[in-house]
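Colleague: Heads up, the sequence shown is in full-length UniProt numbering, so the first residue is 1 and it goes up one at a time.
First, the structure itself, so that you have it in front of you.
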Amino acid sequence: MKAGAFAVLTAAGSGTRLGCNGPKALVEVGGVPMLVRAAQGLAAAGVAGIIVTAPTEQLEFFSALFPNARTSGGVPVEVVAGSPASRQASVACGLAALPGFAERIGLAFGEDTPVLVHDAARCLTPPEMIARVVAAVEAGHNAVIPAIPVTDTLKEVGPRTQAGPREEVGSRTEEGLHKEVGPCEQVGPHTEADLLKEVGSRTEGTARQTQVSGAASLHAPLEVTETSVISVRPVVATPDRSRFASVQTPQGFTWQTLRRAHECAGERANSEKTAATDDAGLVEAMGEPVVVVDGDALALKITTAVDLALAELLVDSSLR
């Protein structure tokens with residue numbers, strides 16, 4: 001990787017779904033906070049500088065995780081306040097700090113500089129995958145996302161209704177995001193699924209359409225009694241899963257592309273209800289092409305206690 005790539009590392013999110021009271025990025029995996037692990041992965045991939053977006057009230061504590069404002073590998077780190085409004089708003093805070101940060105550490109920063117947006121919750125992301133994203137940006141692609149194949153069957157579902165006693169019901173579902181993007185390069189062999197995008201054959205293409213589908217989630221066992229009323233959703237369609245890919249981070253962009261995408265959609269960032277769930281979505285909204293490179297199952301997003309347990313096992317094994 002060339003020395004000019006920078007990264008915005010989001011770490012302002014809460015750990016509610018993970019079962020902790022504080023910021024999720026401070027939860028340890030294998031004895032190391034997720035934020036520190038994620039920053040080390042970026043450093044190992046050759047990123048020149050890292051902006052961390054943290055909760056406003058904990059900037060000093062987050063900064064203390066990086067003695068001398070550097071990772072253990074010596075890469076400069078600056079911690080700035082994120083936004084409680086949305087992830088999109090927090091990323092915008094990090095982007096606003098990037099030019100000044102680059103100037104202070106004495107590194108060139110221009111319109112074509114590769115900029116990554118990464119999540120601390122994907123702290124096991126292999127450096128090789130990060131380097132692959134940056135290499136694609138340096139090769140001339142203005143927006144690059146890593147993704148892996150979808151292996152679960154996908155169902156498009158309708159509005160929720162109530163099922164009375166004795167009715168057959170399926171497994172519970174929660175909404176997940178699926179995006180249709182243009183044709184892309186071959187996606188790697190891994191299987192972990194988070195954000196999903198529809199992909200085409202192995203030729204160049206552009207991003208266009210969004211649709212919602214269901215994704216299985218884990219819950220405590222559900223006891224059904226004679227008088228139970230259970231919420232159900234009808235199946236509308238079964239899309240061809242080969243057209244979809246599960247998207248990960250870091251996502252990579254040229255500075256001018258990412259800056260313009262956030263400027264064009266700034267009003268969406270005021271609420272999680274309207275904010276983009278990933279930065280590539282903002283580029284898609286401008287009608288600009290987004291391409292896909294191979295992701296990796298190790299780049300799983302740690303959101304629930306089950307995810308955390310899996311991450312701990314991976315750290316303890318030879319896989320990570």
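Cβ coordinates follow ideal geometry from the N, Cα and C atoms, glycine included.
Under the assumption that LEU308 contacts LEU124 (Cβ atoms under 8 angstroms), give the Cβ distance between them as a whole number of angstroms.
Modeller: Rounded, the Cβ-Cβ distance is 11 angstroms, inconsistent with contact.
Colleague: Return the residue from the list VAL27, SER90 and ARG260 that minimises the CA-CA distance to THR277.
Modeller: Closest by alpha carbon: SER90.
Colleague: Near TRP158, what residues of its chain come up, given a Cβ to Cβ distance below 7 angstroms and the 5 sequence neighbours on each side ignored?
Modeller: One detail in the question is off: residue 158 reads as Gly in this sequence, not Trp. Hits under 7 angstroms: ARG233, PRO234 and VAL236.
Colleague: Excluding sequence positions up to five away, which residues of its chain have a Cβ less than 8 angstroms from the Cβ of ARG160?
Modeller: Contacts found: SER231, VAL232 and ARG233.
Colleague: Going along the chain, which residues of its own chain have a beta-carbon closer than 6 angstroms to the beta-carbon of VAL36, five neighbours each way excluded?
Modeller: Within the same chain, VAL36 has close Cβ partners LEU65.
Colleague: My parser needs the beta strand (DSSP E) runs of 3 or more residues fully inside the region 90-171; what are they?
Modeller: Here the runs fully enclosed are 114-119, 143-149 and 161-163.
Colleague: Output the distance between the C-alpha atoms of ALA92 and LEU258, rounded to the nearest integer angstrom.
Modeller: Those two C-alpha atoms are separated by around 10 angstroms.
Colleague: Quick check: the Cα distance between residue 327 and GLY13, rounded to an integer number of angstroms?
Modeller: As shown, the chain starts at 1 and ends at 320. That puts residue 327 outside it, with no answer to give.
Colleague: May I have a chain-ordered list of the alpha helix (DSSP H) segments no shorter than 4 residues that lie completely inside the region 39-99?
Modeller: If we require 4 residues or more, the alpha helix (DSSP H) runs fully inside the region 39-99 come out as 59-64.
Colleague: I need the boundaries of the beta strand (DSSP E) containing VAL291, first residue and last residue.
Modeller: Its beta strand (DSSP E) spans residues 291-294.
Colleague: Please state whether the Cβ-Cβ distance between THR254 and ASP112 is less than 8 angstroms.
Modeller: Yes, the pair counts as a contact, with Cβ atoms nearer than the cut-off.
Colleague: Alpha carbon to alpha carbon, what distance is there between PHE6 and ILE50?
Modeller: Going by the C-alpha atoms only, they are around 6 angstroms apart.
Colleague: Which whole-angstrom value describes the C-beta separation of VAL283 and ALA261, a residue pair presumed to lie in contact below a C-beta threshold of 8 angstroms?
Modeller: 5 angstroms between Cβ atoms; contact.
Colleague: Secondary structure at THR257, three-state DSSP: helix, strand or coil?
Modeller: Helix, per DSSP.
Colleague: Does the region 24-40 come into contact with the region 134-153, if we say contact requires no fewer than three beta-carbon pairs (one atom in each stretch) closer than 8 angstroms?
Modeller: No, because fewer than three Cβ pairs between the region 24-40 and the region 134-153 fall closer than 8 angstroms, the two stretches do not touch.
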